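J.:
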Amino acid sequence: SIPDTIGDKICPCGRMIRRHSFIGDSVETKEAKKGNTEFRPPHVFFDMRHSTAVPVNVFGTLQPSGCKFLRIDARLPIKDLFGLILDDSERQKPTFILSIYGAAKYFTMPERLKNEFIRGVIDAGTAASK
7 SIPDTIGDKI CPCGRMIRRH SFIGDSVETK EAKKGNTEFR PPHVFFDMRH
57 STAVPVNVFG TLQPSGCKFL RIDARLPIKD LFGLILDDSE RQKPTFILSI
107 YGAAKYFTMP ERLKNEFIRG VIDAGTAASK
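Numbering of the sequence shown is given in our numbering, commencing with residue 7 and proceeding in unit increments.
#1: Is Thr114 near the ligand MG, judged by its Cβ being under 7 Å from some heavy atom?
#2: Would you check if there are 3 or more beta carbon pairs closer than 8 Å linking the segment 98–108 to the segment 125–134?
#3: Would you kindly report the start and end of the unbroken beta strand (DSSP E) that includes Gly66?
#4: Taking the Cβ atom as the reference point for each residue, do Gly66 and Phe75 lie within a distance shorter than 8 Å?
#5: By the DSSP assignment, the beta strand (DSSP E) with Lys74 in it spans what residues?
#6: From Leu82 to Lys39, what does the alpha carbon distance come to, in whole angstroms?
#7: Can you name the start and end residues of the alpha helix (DSSP H) that Ala134 belongs to?
#8: Have a look at Leu68 and Val127 and give me their C-alpha separation to the nearest angstrom.
#9: For the alpha helix (DSSP H) that contains Lys85, what are its first and last residues?
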């Protein structure tokens, strides 16, 4: 758990530190293990240098519509993603693929609006598959 005094700080990536989900060693910890005790977090965030890929198992099928969803890293090569989709659909090209991306900056969304957004995504996927 991240102490509140640290969790309320803004990370150079633009998000509040407590909103990070990474559990492994931070860049600061890795630098300390190398003997660099003078490391300070950067003032500018570069995603390829200051982030790391981690296994993500956020996928499934939405009920009752049967629409499938998958959360992936934006750096995943499109060729690999398309291969994964084809493998899952028994080599049949899907009729509809919806990509939602963003969150470059941390923001909050009221629960009601969030639920309406999710419902709209499900409706779009369901309507396209008919």
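Here a beta-carbon is modelled for each residue, glycine too, at the ideal position from N, C-alpha and C.
It should be emphasised that the depicted structure is a prediction, and the values quoted were computed from it without experimental measurement.
T.: Reading off the structure:
#1: The ligand MG is absent from the structure shown, which contains no ligand whatsoever.
#2: Under the 8 Å Cβ criterion, the segment 98–108 counts as touching the segment 125–134, having at least three qualifying pairs.
#3: By one-based count along the sequence shown, residue 66 stands at place 60. Counting along the chain, the beta strand (DSSP E) containing Gly66 begins and ends at Phe65 to Thr67.
#4: In the sequence shown, the residue the question calls residue 66 occupies position 60. In the sequence shown, the residue the question calls residue 75 occupies position 69. Yes, Cβ-Cβ distance for Gly66 and Phe75 is below 8 Å.
#5: By 1-based counting over the sequence shown, the position of residue 74 is 68. Residues Lys74 to Leu76.
#6: In the sequence shown, residue 82 corresponds to position 76, counting from 1. In the sequence shown, residue 39 corresponds to position 33, counting from 1. Cα atoms of Leu82 and Lys39: separation of roughly 29 Å, rounded to the nearest angstrom.
#7: Translated into the one-based positions of the sequence shown, residue 134 becomes position 128. Segment Glu117 to Ala134, the alpha helix (DSSP H) holding Ala134.
#8: As a position in the sequence shown, residue 68 is number 62, starting the count at 1. As a position in the sequence shown, residue 127 is number 121, starting the count at 1. Roughly 11 Å between the two C-alpha positions.
#9: Along the sequence shown, one-based indexing puts residue 85 at 79. Element bounds for Lys85: Ile84 to Asp94.
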